[in-house]
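Worksheet: one structure, shown below.
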Amino acid sequence: MLDTEKIRGDFPILSREVYGKPLIYFDNAATTQKPICVIDKITEEYYNTNANVHRGVHYLSQEATEAHEASRKRVQKFINASDSKEIIFTRGTTEAINLVVSSFGNTFLKDGDEVILSEMEHHANIVPWQLLQNYRKIKLRIVPINDKGELDIETYRKLFNEKTKFVSISHMSNVLGSINPVRDLIDIAHGYGIPVLLDGAQAAPHVSVDVQALDVDFYVLSAHKIYGPTGIGVLYGKEKWLDKMPPYQGGGEMIAHVSFNRTTFNELPYKFEAGTPDYIGTTAFATALDYVEGVGLDKIAAHEHELLAYATNQLMTVGGMHIYGTAQNKGSVISFNVGNIHHYDMGMLLDKFGIAVRTGHHCAQPLMERLGVEGTVRASFAMYNTKEEIDAFVTAVKRVSKMF
Ligand code: PMP
Numbered sequence: 001m002l003d004t005e006k007i008r009g010d011f012p013i014l015s016r017e018v019y020g021k022p023l024i025y026f027d028n029a030a031t032t033q034k035p036i037c038v039i040d041k042i043t044e045e046y047y048n049t050n051a052n053v054h055r056g057v058h059y060l061s062q063e064a065t066e067a068h069e070a071s072r073k074r075v076q077k078f079i080n081a082s083d084s085k086e087i088i089f090t091r092g093t094t095e096a097i098n099l100v101v102s103s104f105g106n107t108f109l110k111d112g113d114e115v116i117l118s119e120m121e122h123h124a125n126i127v128p129w130q131l132l133q134n135y136r137k138i139k140l141r142i143v144p145i146n147d148k149g150e151l152d153i154e155t156y157r158k159l160f161n162e163k164t165k166f167v168s169i170s171h172m173s174n175v176l177g178s179i180n181p182v183r184d185l186i187d188i189a190h191g192y193g194i195p196v197l198l199d200g201a202q203a204a205p206h207v208s209v210d211v212q213a214l215d216v217d218f219y220v221l222s223a224h225k226i227y228g229p230t231g232i233g234v235l236y237g238k239e240k241w242l243d244k245m246p247p248y249q250g251g252g253e254m255i256a257h258v259s260f261n262r263t264t265f266n267e268l269p270y271k272f273e274a275g276t277p278d279y280i281g282t283t284a285f286a287t288a289l290d291y292v293e294g295v296g297l298d299k300i301a302a303h304e305h306e307l308l309a310y311a312t313n314q315l316m317t318v319g320g321m322h323i324y325g326t327a328q329n330k331g332s333v334i335s336f337n338v339g340n341i342h343h344y345d346m347g348m349l350l351d352k353f354g355i356a357v358r359t360g361h362h363c364a365q366p367l368m369e370r371l372g373v374e375g376t377v378r379a380s381f382a383m384y385n386t387k388e389e390i391d392a393f394v395t396a397v398k399r400v401s402k403m404f
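The numbers in UniProt numbering rise by one with no breaks, and the one at position 387 of the sequence shown is 387.
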């Protein structure tokens, strides 16, 4: 059992009010709030340790470098990568996917090749591939979902052929909450010798990830969804792939030697980290991971699961309620609409009760098309949310419903 009262005390923003009402923050799939230790770490670093990393002989630079590299090791431990050089810091999941699509795609994909995505992908795992299509005539093959919001594994199996070169699929849907059977997806792809990228933006805050046990080729995530700072993301890649992939961006840090005739590149992971990294952000991210693992990912997952079940049952008592996504294995995200009430109206009115939810297409327009809606209301829960908040939320949803 989580001590939510104690945990809430660690998140200063949760004690603020909006429109004179206590804030109920149910937009955690968009970004999570930050505990004091993370906020303090950022301040402390700027107060005491700010200096550019990797290049200074001076004391501060060395201290900053040590903290930054210790964070890489902290992330390595969090996802159980075999080596810290397989951890590339990026600005977020989006940049991590763009890096792989650009670097892997330009090197290993040729006209006529096929890439498998799914119907539930976030735009961050669709648009980069479409941008690549400007340079390579690759075909995107899409795994459909069933009416519960689960991937159709049999169709997935049938999509493989001699032209298939890559699989890129979300670990957990940011709309449906579906947690995909990634072990099976990877096994099937590897049976054809095809590498797999998992978009872990939503899964990493809720599911304990072991990239070695999964045998996944690439895994990407965003720190800001795991109680860490914005602007920090992670690309995990197997060394055997990263070694063969060219740099994504050029600049300082990523080179071994530069001349106008020929430039050679730095070793992993620096080859993929051009320019000054957000070393304060990475250090604060490590603090966030310490916090999360201090609470315990398993305990967090159990708590969120309880909230998910409770909220689902309560919401089903609202007339006209339609919940999108009833997968067997589901994370703490509920997308819904009530009758003909526009999702935007519902979200705006809930906001007046102090309840923060997300409305719209959630950067998943192809999925909206599949669901036959323009958008949904989305409530997503984190470790600090409570059943009392859900009660207030459901009461508010009922009151809004009666206004229409
Ligand atoms: N993929 C999924 C499944 C997401 O939920 C998100 C964030 N909404 C992203 C990718 C993009 O993450 P970021 O904006 O942090 O790059």
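Just so you know, even glycine gets a beta-carbon here, dropped at the ideal spot from N, CA and C.
Quiz item: With C-beta atoms as the reference, is residue 68 less than 9 Å away from residue 57?
Solution: no
Practice problem: In the DSSP assignment, find the unbroken beta strand (DSSP E) run with residue 141 in it and report its ends. | Solution: 139-143
Exercise. Pair every Cβ in the segment 310-320 with every Cβ in the segment 159-174, then say whether three or more of these pairs are closer than 8 Å.
Key: no
Quiz item: Buried or exposed: which applies to residue 71, given that a residue is buried once 16 or more other Cβ atoms fall within 10 Å of its Cβ?
Solution: buried
Quiz item: Are the CB atoms of residue 76 and residue 66 nearer to each other than 9 Å?
Solution: no
Quiz item: Around the C-beta of residue 92, are 16 or more other C-beta atoms found within 10 angstroms, so that it is buried, or is it exposed?
Solution: buried
Quiz item: With a CB to CB cut of under 6 Å and the five nearest residues on each side skipped, what residues in its chain are close to residue 205?
Solution: 225, 226
Quiz item: Within 10 angstroms of its Cβ, does residue 259 collect 16 or more other Cβ (buried), or is it exposed?
Solution: exposed
Quiz item: Per DSSP, what kind of secondary structure is residue 171 in: helix, strand or coil?
Solution: coil
Practice problem: Compute the beta-carbon to beta-carbon distance between residue 246 and residue 89, rounded to the nearest angstrom, for a pair I have assumed lies under 8 Å. | Solution: Residue 246 to residue 89, Cβ: 18 Å. No contact.
Quiz item: Within 8 Å: the Cβ of residue 125 and any heavy atom of the ligand PMP?
Solution: yes
Exercise. Report all residues from its chain with a CB closer than 7 Å to the CB of residue 455; omit the five preceding and five following residues, and keep chain order.
Key: In the structure as shown, the chain begins at 1 and stops at 404. Residue 455 is therefore absent and cannot be evaluated.
Quiz prompt | Extent of the continuous beta strand (DSSP E) to which residue 391 belongs | solution = Segment 387-403 is the alpha helix (DSSP H) holding residue 391; no beta strand (DSSP E) there.
Practice problem: Give the straight-line distance between the Cα atoms of residue 141 and residue 132, rounded to the nearest whole angstrom. | Solution: 15 Å
Practice problem: Please name the residue or residues paired with residue 235 in a DSSP beta bridge. | Solution: 88, 220
Exercise. Please list the segments of the alpha helix (DSSP H) lying wholly inside the segment 37-124, counting only runs of 4 or more residues, in order along the chain.
Key: 59-78, 93-108
Quiz item: When the Cα of residue 337 is compared with those of 8, 180, 378, which residue comes out closest?
Solution: 378
Quiz item: Under the three-state reduction of DSSP, which class applies to residue 197: helix, strand or coil?
Solution: strand
Quiz item: Taking the C-alpha atoms as reference points, what is the distance between residue 253 and residue 64?
Solution: 15 Å
Quiz item: Within this structure, are the beta carbons of residue 120 and residue 61 separated by less than 9 Å?
Solution: no
Quiz prompt | Range of the contiguous beta strand (DSSP E) that encloses residue 324 | solution = 321-324
Self-check item: Shell residues, 5 Å Cβ cut-off relative to heavy atoms of the ligand PMP
Solution: 92, 93, 94, 122, 124, 170, 174, 199, 201, 202, 222
Quiz prompt | Pair within 9 Å by beta-carbon distance, residue 176 and residue 149 | solution = yes
Quiz item: Going by Cα to Cα distance, which pick from 376, 345, 348, 193 is closest to residue 360?
Solution: 376
Exercise. Could you say which of 271, 32, 2 lies nearest to residue 229 if we only look at CA atoms?
Key: 32
Quiz item: In angstroms, rounded to a whole number, what distance separates the CA positions of residue 126 and residue 117?
Solution: 8 Å
Quiz item: What residue range is occupied by the uninterrupted alpha helix (DSSP H) comprising residue 263?
Solution: Per DSSP, residue 263 belongs to no alpha helix (DSSP H); it is in the beta strand (DSSP E), 263-265.
Self-check item: Which of helix, strand or coil DSSP assigns to residue 295
Solution: helix
Practice problem: Select from 2, 395, 44 the residue whose C-alpha is nearest the C-alpha of residue 353. | Solution: 395
Practice problem: Please report how far the alpha carbon of residue 183 lies from the alpha carbon of residue 266, in whole angstroms. | Solution: 33 Å
Quiz prompt | residue 202 burial status per 10 Å Cβ neighbour count (16 or more: buried) | solution = buried
Self-check item: DSSP three-state assignment for residue 410, whether helix, strand or coil
Solution: Any question about residue 410 goes unanswered here, given that the chain covers just 1 to 404.
Exercise. Check residue 209 in the structure and name its three-state DSSP category.
Key: coil
Self-check item: Residue(s) in a DSSP beta bridge with residue 21
Solution: 18
Quiz item: Are residue 362 and residue 335 closer than 9 Å when you measure CB to CB?
Solution: yes
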